[in-house]
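Sequence order for the protein chains is A and B.
Quick note: the first sequence uses the numbering used here, first residue 1, plus one each step.
Quick note: the second sequence uses the numbering used here, first residue 295, plus one each step.
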Amino acid sequence: MTLTTSIHSPETTESRRERVEAAAYRIRHYGLNMGEVQGQGYVGQALGAADMFAAVYADQLRHRPEDPEWEGRDRFLLSTGHYAIGHYAALAEAGIVPVEELDTYGSDDSRLPMSGMSTYTPGMEISGGSLGHGLTIAVGTALGLRYQGSEARVFNFLSDGELDEGSTWEAAMGASHHQLGNLTAMVDINALQADGKTDSVLRTEPVADKWAACGWFVQRVDGNDMGALLAAFDAAAAQAGPEGKPSVILCDTKVGRGVPLLENREKAHFMRIEEHEWQLCREQLTAGYEGETK
Amino acid sequence: MSTTAATPAKPRLKTSAMIASFADPGQKTAPAPFGHALVKAAQENEKIVGLTADLGKYTDMHIFAQAYPERFFQMGMAEQLLFGAAAGMAQTGLVPFASTYSVFAARRAYDFLCLDAAEPNLNVNIVGGLPGLTTGYGPSHQATEDMAIFRGMPNLTIVDPCDSVDIEQAVPQLAASEGPTYLRLLRGNVPTVLDEYGYTFELGKAKVLRGGADVVFVSSGLMTMRALQAAKDLAAHNVDVAVVHTPTIKPFDAETVLAEVNTDRLVVTLENHTVIGGLFETVAAEVVKAGLGKRIVPVALPDEFLHAGALPTLHERYGLSVDRIIATVLGELEV
Ligand SMILES: Cc1ncc(C[n+]2csc(CCOP(=O)(O)OP(=O)(O)O)c2C)c(N)n1
Ligand SMILES: [Mg+2]
Chain A
1 MTLTTSIHSP ETTESRRERV EAAAYRIRHY GLNMGEVQGQ GYVGQALGAA
51 DMFAAVYADQ LRHRPEDPEW EGRDRFLLST GHYAIGHYAA LAEAGIVPVE
101 ELDTYGSDDS RLPMSGMSTY TPGMEISGGS LGHGLTIAVG TALGLRYQGS
151 EARVFNFLSD GELDEGSTWE AAMGASHHQL GNLTAMVDIN ALQADGKTDS
201 VLRTEPVADK WAACGWFVQR VDGNDMGALL AAFDAAAAQA GPEGKPSVIL
251 CDTKVGRGVP LLENREKAHF MRIEEHEWQL CREQLTAGYE GETK
Chain B
295 MSTTAATPAK PRLKTSAMIA SFADPGQKTA PAPFGHALVK AAQENEKIVG
345 LTADLGKYTD MHIFAQAYPE RFFQMGMAEQ LLFGAAAGMA QTGLVPFAST
395 YSVFAARRAY DFLCLDAAEP NLNVNIVGGL PGLTTGYGPS HQATEDMAIF
445 RGMPNLTIVD PCDSVDIEQA VPQLAASEGP TYLRLLRGNV PTVLDEYGYT
495 FELGKAKVLR GGADVVFVSS GLMTMRALQA AKDLAAHNVD VAVVHTPTIK
545 PFDAETVLAE VNTDRLVVTL ENHTVIGGLF ETVAAEVVKA GLGKRIVPVA
595 LPDEFLHAGA LPTLHERYGL SVDRIIATVL GELEV
């Protein structure tokens, strides 16, 4: 699956959406399996953001799975280090990390530490974990690629919590000042942070107005609606270019999406799931997916 | 479909979860000693307020937030704001305690603490979670060089407590002392160790916890707990070990420590911190200033970015475990 040109020209909108939804289903499945390795963790985030990861890895990103460091690749920068569980699942789906290796998630001497780091994992561009760094690095990556004549695009994944950090807004202004049309940011607005609901920790709304005021091309979508997500990525791509407005896709998502047991649980940043519940989670995920696709 | 719904249960592997306990199995512990101590101090001093940067639950500040919701301020995940605002509150006469992880305190918001609180010598108390190697999460969360960073800041008092006793007794003293402070927080169920040694915490003072004829351990933080255990175990090897606990790293009680160092015994410093710029170098500097020609063996983290992994694995790997301490001492004594 080497995506050097657009692969979806012969595809109908419908079949494209279904293809990417199938990828999202597998990403969720891998996320549950990885969560079970630790018995707890960022499972709610992996499920909530699976559609975003799928849209990037199964549809948007030009990359070579067998050569993750290919110079011409689009860059995907995971700013939100603890979302590595979702990112690893996407890397497995994309063929960059072997699916079997996901079983080592977070364990001693694994290439897949709980917090994403570029020194550990193929396809991981930056070391996240200290939140609010990713977009600053993305600005430099986008500037560096453009300066060197590359047409590669830069995607940056960040969380709603990262909107609390001043550094994110320094980068937002920097990107627009430098007219980084080759930069697309995607924000997982799951309304959750470490101490509780985002609006109880720090009210960041109106988020869209803030990005617009910083000079970005802003779209806000249901981040668990694949059709809407792909349309937003298309609109971002249509106006991508070496110079122009950077794009942000604000994705409203649901923690635990796809597994009703976890969707309806009290929202927790670091979710504890009982031993007997994992299989139930997988069954609910599959039932929901098959129900939707039939 | 490349996956099926029926995946067999996975074997449980060692966790590198953010919050790992370093208490030994069966050890006596106290829950959230910092949070409870802050509530107690706040009962006596109405000027005390609490702040956090989206880490209340993870720094035991939530205990204070529940007890005094109107005296608690959630600043969002914005550490520069956290420290700047704490300085501003201190300007109005309040006594803020502001919590985040040590990495973000030391690396992210240093400038705000330095100029807004330390330069005007305001009573701003920083509480840093996950000091040194107390999480297996990797370099983003392992504050292996926090003391090195902070020791250079004029006016700042640095406290590296061993256990719940240290924390409970330190909190009111930090509130009462003028000027900014930095507490290396141990959170959750924190071991209770020093109650067996007739010990009291005094800000700025080192304490000799036990005497010993062959070796002197100079230690701070959770490494004092390890030092005491290693001292007990070394008795079985006929090695008699003294332990000096130095919970205040700055200002440093050189007098007490030098009196112990200046003998023929083997001197070992033990710290949950990189070998650069922490307790070892603090003691070494005092030894040189006093003109003592004395060798000191450091037990400390290496000058490296450490691995992610389970905490016990990492403490063993990097030499902080009791077994590694014993091996270090026995190796030195054979020379
Ligand atoms: C600079 C920084 N400050 C604090 C933290 C601790 N922390 C880790 S995740 C998190 C919550 C951030 O919000 P978000 O990413 O939206 O959380 P989620 O949706 O995963 O619950 C916090 C405060 C951190 N990793 N980095
Ligand atoms: Mg969030």
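Ideal Cβ placement from N, Cα and C applies to all residues, glycine included.
All of these numbers come straight from a predicted model, not from anything done at the bench.
Kindly indicate the opening and closing residues of the alpha helix (DSSP H) around residue i.
i, result
"residue 34 of chain A", "13-38"
"residue 565 of chain B", "Premise fails: residue 565 of chain B lies in the beta strand (DSSP E), 560-568, not in any alpha helix (DSSP H)."
"residue 92 of chain A", "84-93"
"residue 270 of chain A", "Careful: residue 270 of chain A lies outside any alpha helix (DSSP H) and carries neither H nor E."
"residue 300 of chain A", "Outside the displayed span of chain A (1 to 294) sits residue 300 of chain A, for which this structure offers no information."
"residue 608 of chain B", "605-611"
"residue 256 of chain A", "Unbroken run through residue 256 of chain A: none, as it is neither H nor E."
"residue 168 of chain A", "166-177"
"residue 459 of chain B", "458-470"
"residue 510 of chain B", "Careful: residue 510 of chain B lies outside any alpha helix (DSSP H), inside the beta strand (DSSP E) at 509-513."
Answer yes or no: does any C-beta atom of chain A fall closer than 8 angstroms to that of residue i?
i, result
"residue 435 of chain B", "yes"
"residue 524 of chain B", "no"
"residue 328 of chain B", "no"
"residue 352 of chain B", "yes"
"residue 374 of chain B", "yes"
"residue 542 of chain B", "no"
"residue 381 of chain B", "no"
"residue 428 of chain B", "no"
"residue 306 of chain B", "Below a pLDDT of 50, predicted positions are generally treated as unreliable, and residue 306 of chain B, at 47, falls in that range; the measurement from the model is reported next regardless. Closer than 8 angstroms: yes."
"residue 317 of chain B", "no"
"residue 607 of chain B", "yes"
"residue 617 of chain B", "no"
"residue 348 of chain B", "yes"
"residue 602 of chain B", "yes"
"residue 371 of chain B", "yes"
So residue i and residue j are in contact, right, with Cβ under 8 angstroms, and what is the actual spacing, rounded?
i, j, result
"residue 460 of chain B", "residue 488 of chain B", "6 angstroms"
"residue 73 of chain A", "residue 62 of chain A", "6 angstroms"
"residue 555 of chain B", "residue 526 of chain B", "Not really, about 22 angstroms apart at Cβ, beyond 8 angstroms."
"residue 453 of chain B", "residue 541 of chain B", "6 angstroms"
"residue 182 of chain A", "residue 242 of chain A", "6 angstroms"
"residue 625 of chain B", "residue 594 of chain B", "Contact doesn't hold; Cβ gap of about 16 angstroms is too wide."
"residue 553 of chain B", "residue 505 of chain B", "Rounded, the Cβ-Cβ distance is 12 angstroms, inconsistent with contact."
"residue 260 of chain A", "residue 284 of chain A", "6 angstroms"
"residue 432 of chain B", "residue 478 of chain B", "That pair is no contact at about 19 angstroms."
"residue 591 of chain B", "residue 562 of chain B", "5 angstroms"
"residue 245 of chain A", "residue 216 of chain A", "6 angstroms"
Output the boundary residues of the beta strand (DSSP E) element that contains residue i.
i, result
"residue 574 of chain B", "That residue, residue 574 of chain B, is in no beta strand (DSSP E); its alpha helix (DSSP H) goes 573-583."
"residue 186 of chain A", "183-189"
"residue 497 of chain B", "Premise fails: residue 497 of chain B is in no beta strand (DSSP E) and is neither H nor E."
"residue 539 of chain B", "535-539"
"residue 395 of chain B", "389-395"
"residue 246 of chain A", "No beta strand (DSSP E) holds residue 246 of chain A; DSSP gives it neither H nor E."
"residue 75 of chain A", "75-78"
"residue 592 of chain B", "590-595"
"residue 422 of chain B", "419-423"
"residue 476 of chain B", "475-478"
"residue 219 of chain A", "217-222"
Would you say residue i lies against chain B (beta-carbon separation less than 8 angstroms)?
i, result
"residue 143 of chain A", "no"
"residue 166 of chain A", "yes"
"residue 113 of chain A", "yes"
"residue 59 of chain A", "no"
"residue 188 of chain A", "no"
"residue 161 of chain A", "yes"
"residue 117 of chain A", "yes"
"residue 4 of chain A", "A caution first: residue 4 of chain A carries a pLDDT of 44, below 50, which makes its placement in the model unreliable, though a value can still be read off. No, no contact with chain B."
"residue 209 of chain A", "no"
"residue 252 of chain A", "no"
Run down chain A in chain order and give the residues with a C-beta less than 8 angstroms from the C-beta of residue i.
i, result
"residue 398 of chain B", "130"
"residue 368 of chain B", "195, 200, 201 and 202"
"residue 402 of chain B", "130"
Going along chain B, which residues have a C-beta under 9 angstroms from residue i?
i, result
"residue 127 of chain A", "432, 433 and 434"
"residue 51 of chain A", "None at all; the shortest Cβ gap to chain B is about 17 angstroms."
In chain A, what lies closer than 7 angstroms to residue i by C-beta?
i, result
"residue 290 of chain B", "Shown here, chain B extends from 295 to 629; a query on residue 290 of chain B therefore has no answer."
How would you list, in chain order, the residues of chain B whose beta-carbon sits under 7 angstroms from the beta-carbon of residue i?
i, result
"residue 174 of chain A", "Those do not exist, as residue 174 of chain A stays about 17 angstroms from chain B at its closest Cβ, beyond 7 angstroms."
"residue 81 of chain A", "434"
Just to make sure I have the definition right: I need the residues of chain B whose C-beta is within less than 8 angstroms of the C-beta of residue i. Which are they?
i, result
"residue 72 of chain A", "What residue 72 of chain A touches in chain B: nothing, since even the nearest Cβ is about 28 angstroms away."
Taking 8 angstroms as the threshold (beta carbon to beta carbon), is residue i in contact with chain C?
i, result
"residue 109 of chain A", "No chain C appears in this structure, whose protein chains are A and B."
Report whether the distance from the Cβ of residue i to the nearest heavy atom of ligand 4 is below 7 angstroms.
i, result
"residue 198 of chain A", "In the structure on display, ligand 4 does not appear, and the ligands it does have are ligand 1 and ligand 2."
Fill in: Any residue whose CB is nearer than 5 angstroms to a heavy atom belonging to ligand 1, listed in chain order
Those satisfying the condition are, in chain order, A:45, A:130, A:131, A:159, A:160, A:161, A:190, A:192, A:193, A:194, A:269, B:348, B:371 and B:398.
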